[in-house]
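Same order as they appear, the protein sequences are chains A and B. As numbered in this note's numbering, residues 226 to 454 make up the first sequence, in order. As numbered in this note's numbering, residues 6 to 282 make up the second sequence, in order. Some notes on the structure that comes next.
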Amino acid sequence: MNNFIDAFYLNFIKDERWKYITGGLKTTLTVTFFAVIMGIVLGFLVGVIRSTYDKTGKLKILNALCNVYLTIIRGTPVVVQLLITYFVIFGSVNINKVVVAVIAFGVNSGAYVAEIIRSGIMSVDNGQFEAGRSIGFTYGQTMIHIILPQAFKNVLPALANEFIVLLKETSVAGYIALEDLTKGGDIIRSRTFNAFMPLIGVAIIYLLMVMIFSYFVKCLERRLRNSEH
Amino acid sequence: MKKIIAVAAMAAMVVSMTACGSKAADTGAEATAEAVAATEAATQTAETTEAATENVAANGTLIMATNAEFPPYEYREGDQIVGIDAEIAQAIADELGMELQIEDMQFDSIIAAVQTGKADIGVAGMTVTEDRLQAVSFSDSYTQAAQVIIVKGDSAVATPDDLKGKTVGVQLGTTGDIYAEDIEDVTIDRYNKGFEAVQALLQDKVDAVIIDREPANVFIEENEGLKVLDEEFTVEDYAICMAKDNTDLLDKVNTALASLKESGKLDEIKAKYITAE
Numbered sequence: 226m227n228n229f230i231d232a233f234y235l236n237f238i239k240d241e242r243w244k245y246i247t248g249g250l251k252t253t254l255t256v257t258f259f260a261v262i263m264g265i266v267l268g269f270l271v272g273v274i275r276s277t278y279d280k281t282g283k284l285k286i287l288n289a290l291c292n293v294y295l296t297i298i299r300g301t302p303v304v305v306q307l308l309i310t311y312f313v314i315f316g317s318v319n320i321n322k323v324v325v326a327v328i329a330f331g332v333n334s335g336a337y338v339a340e341i342i343r344s345g346i347m348s349v350d351n352g353q354f355e356a357g358r359s360i361g362f363t364y365g366q367t368m369i370h371i372i373l374p375q376a377f378k379n380v381l382p383a384l385a386n387e388f389i390v391l392l393k394e395t396s397v398a399g400y401i402a403l404e405d406l407t408k409g410g411d412i413i414r415s416r417t418f419n420a421f422m423p424l425i426g427v428a429i430i431y432l433l434m435v436m437i438f439s440y441f442v443k444c445l446e447r448r449l450r451n452s453e454h
Numbered sequence: 006m007k008k009i010i011a012v013a014a015m016a017a018m019v020v021s022m023t024a025c026g027s028k029a030a031d032t033g034a035e036a037t038a039e040a041v042a043a044t045e046a047a048t049q050t051a052e053t054t055e056a057a058t059e060n061v062a063a064n065g066t067l068i069m070a071t072n073a074e075f076p077p078y079e080y081r082e083g084d085q086i087v088g089i090d091a092e093i094a095q096a097i098a099d100e101l102g103m104e105l106q107i108e109d110m111q112f113d114s115i116i117a118a119v120q121t122g123k124a125d126i127g128v129a130g131m132t133v134t135e136d137r138l139q140a141v142s143f144s145d146s147y148t149q150a151a152q153v154i155i156v157k158g159d160s161a162v163a164t165p166d167d168l169k170g171k172t173v174g175v176q177l178g179t180t181g182d183i184y185a186e187d188i189e190d191v192t193i194d195r196y197n198k199g200f201e202a203v204q205a206l207l208q209d210k211v212d213a214v215i216i217d218r219e220p221a222n223v224f225i226e227e228n229e230g231l232k233v234l235d236e237e238f239t240v241e242d243y244a245i246c247m248a249k250d251n252t253d254l255l256d257k258v259n260t261a262l263a264s265l266k267e268s269g270k271l272d273e274i275k276a277k278y279i280t281a282e
């Protein structure tokens with residue numbers, strides 16, 4: 226037990242090392258929050274374009290562009306995308322690393338969200354669509370008022386899953402010397418040469434964040450289900 | 006009707022997904038438990054490491070942990086790990102009549118590997134520091150090295166004092182990283198690799214890079230527009246690290262080092278890789 230207390234002191238208290246963890250947590254949350262927003266916006270646009278093409282055959286060029294985006298983003302690892310964003314795309318400018326991370330993770334997440342949204346739209350029965358059109362709604366109105374609300378409910382578990390993945394994926398942000406939660410633990414590890422405390426500590430914090438997030442998603446799902454009756 | 010079926014199918018999918026999810030979580034928990042057990046076991050067996058290492062010695066293999074991204078001390082050439090440290094370790098192994106096996110890993114994992122007995126010695130251009138001495142023991146120093154400052158040719162930074170309030174790039178866990186924290190108002194960017202810090206310097210993402218002299222010389226040779234400041238940031242001793250309780254191996258390594266120094270072999274190896282000066 227004394228060993229445990231000593232190790233805890235050495236890894237978190239001494240030299241105010243806990244600041245690496247709290248600072249890292251703040252960075253992780255900031256990056257995840259803005260990347261999620263960017264992912265939703267991008268993914269929503271791409272998803273709607275792709276399913277519009279699937280349903281009506283319009284927007285051919287935009288659809289082709291979206292396809293290229295999906296292929297590239299889903300076909301390469303996020304770490305490589307992050308490094309490319311930092312060292313190649315923003316190679317000649319001195320840019321805030323948090324911004325780089327938000328862009329890299331946001332663009333990455335957008336590709337996955339797009340496919341989730343598209344699957345949600347396609348999962349809504351075509352009869353709903355026809356009904357909307359026959360009462361005089363335009364394509365856009367039908368989308369917004371009839372299809373998307375139902376689609377959203379269908380894809381909520383998949384979307385929540387994507388955000389959990391995104392939160393954990395930000396742990397590679399250390400590659401561009403951004404001090405996120407994982408890097409904070411790594412810095413402590415490089416000072417104390419102790420693997421257990423920093424790694425388990427960091428793991429517990431990620432776990433707690435995901436558990437809290439999952440709880441809120443569950444509440445939201447329950448509310449949405451209530452509205453069915 | 007169709008909608009109900011769709012909803013049911015969706016529900017079934019979600020349930021099956023959750024099922025998979027929880028299975029994965031179980032495995033994860035098991036793995037963690039195993040890891041914890043392993044760590045405990047490692048702590049318990051720490052006392053018996055000496056005996057274990059002796060067994061290794063009896064088998065005639067000396068396992069060296071290093072991070073082969075630190076020229077000219079250790080780097081990859083083809084599929085070989087070469088450099089000053091690799092050759093010194095080879096010479097020591099020859100002295101001891103053992104076969105050398107090199108394990109390439111992250112720099113910040115080397116001490117842990119030596120502590121847990123995964124490697125016998127850590128030779129990675131490692132500086133002796135107070136913190137590290139608490140975790141491992143060090144051999145006699147085999148070379149002196151300096152942390153130097155790399156800047157762009159037109160930089161306003163001319164001495165270590167000019168680093169106040171600047172952004173400095175370092176490699177995580179190196180002495181440059183640790184000592185850079187003492188600079189006033191400094192922002193430290195900790196990269197995983199030394200060359201990434203230099204790349205960031207080239208792209209003006211950091212104002213200066215603090216790194217060991219030898220790799221610094223290689224970096225400025227290969228990148229135009231960079232220079233090393235004349236005044237060193239710190240001067241330090243490189244040594245070989247070993248598990249604390251492994252005094253037997255420590256004696257052997259020190260004896261081997263002494264005889265290498267005497268025979269001039271040590272200087273020969275250094276001269277082979279360091280042409281400047």
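By construction, the Cβ of each residue, glycine as well, lies at the ideal position given by its N, Cα and C atoms.
Sequence-distant residues of the same chain with beta carbon closer than 6 Å to residue i, five excluded per side
i	result
A94/B	M69, L105 and V128
A151/B	R218, E237 and V240
R81/B	A73
A140/B	I116
Extent of the continuous beta strand (DSSP E) to which residue i belongs
i	result
D194/B	T192 to Y196
E241/B	T239 to Y243
Cα-Cα separation between residue i and residue j, rounded to whole angstroms
i	j	result
L235/A	T192/B	24 Å
T71/B	M347/A	54 Å
K280/A	L254/A	37 Å
A248/B	D190/B	36 Å
G371/B	Y184/B	Look at the range of chain B in this structure, 6 to 282, and you will see that residue 371/B is not part of it.
L231/B	L433/A	46 Å
E45/B	N227/A	Note on E45/B: pLDDT 49, under 50, position unreliable in the model; the coordinate value appears next. Taking the straight line from one Cα to the other gives about 15 Å.
T407/A	R242/A	14 Å
V293/A	L391/A	21 Å
T50/B	V266/A	At T50/B, the pLDDT of 44 sits below 50, so the modelled position is not reliable and the matter cannot be decided from this model.
E135/B	A205/B	30 Å
T164/B	I188/B	12 Å
L138/B	I413/A	16 Å
E227/B	V156/B	14 Å
E100/B	L67/B	12 Å
D167/B	Q208/B	20 Å
V261/A	F438/A	13 Å
E446/A	N319/A	43 Å
D182/B	V211/B	14 Å
S27/B	D231/A	In this prediction, S27/B scores a pLDDT of 42, lower than 50, which makes its location untrustworthy; the coordinate-derived value is nonetheless stated afterwards. So the alpha carbons of these two residues sit roughly 35 Å apart.
Extent of the continuous alpha helix (DSSP H) run through residue i
i	result
I107/B	Here I107/B belongs to no alpha helix (DSSP H); instead the beta strand (DSSP E) covers E104 to D109.
D342/B	As displayed, chain B neither begins before 6 nor continues past 282, which places residue 342/B out of reach and without an answer.
E446/A	F421 to N451
K322/A	K322 to S348
V380/A	L373 to E394
T257/A	W243 to T281
T172/B	T172/B -> not in any alpha helix (DSSP H); beta strand (DSSP E) instead, spanning T172 to Q176.
L308/A	V303 to L308
F354/A	N351 to S359
G300/A	K285 to G300
V119/B	I115 to Q120
T164/B	Run containing T164/B: none; DSSP gives neither H nor E here.
T417/A	L406 to T417
T367/A	Y364 to T367
I230/A	N227 to F233
Beta-bridge partners of residue i, as assigned by DSSP
i	result
Y80/B	E74/B and V87/B
D217/B	Q152/B
I126/B	M69/B and M247/B
V233/B	I155/B
T132/B	Y243/B
Simplified DSSP state of residue i, which is helix, strand or coil
i	result
S317/A	coil
Q293/B	Chain B is shown from 6 up to 282; residue 293/B falls before or after that span and cannot be answered.
S142/B	strand
T180/B	helix
L403/A	coil
S264/B	helix
K169/B	coil
D187/B	coil
A228/B	The amino acid occupying residue 228/B in the given sequence is Asn; Ala does not appear at that position. Correct three-state label for N228/B: coil.
Chain-order list of residues whose beta-carbon lies under 8 Å from that of residue i (same chain, five-residue window excluded)
i	result
A40/B	Any reading at A40/B must be qualified, since the residue scores a pLDDT of 48, below 50, and its modelled position is unreliable; the value itself is stated next. Same-chain partners within the cutoff: there are none.
L177/B	F112, D113, R195, Y196 and N197
Q306/A	I298, A329, V332 and N333
C291/A	V271, I274, R275 and A339
I225/B	I155, L231, K232 and V233
Residues of its chain near residue i, where Cβ-Cβ distance is below 7 Å and the 5 sequence neighbours each way are ignored
i	result
I328/A	T310
Test: residue i CB closer than 7 Å to a CB of chain D
i	result
D190/B	No chain D appears in this structure, whose protein chains are A and B.
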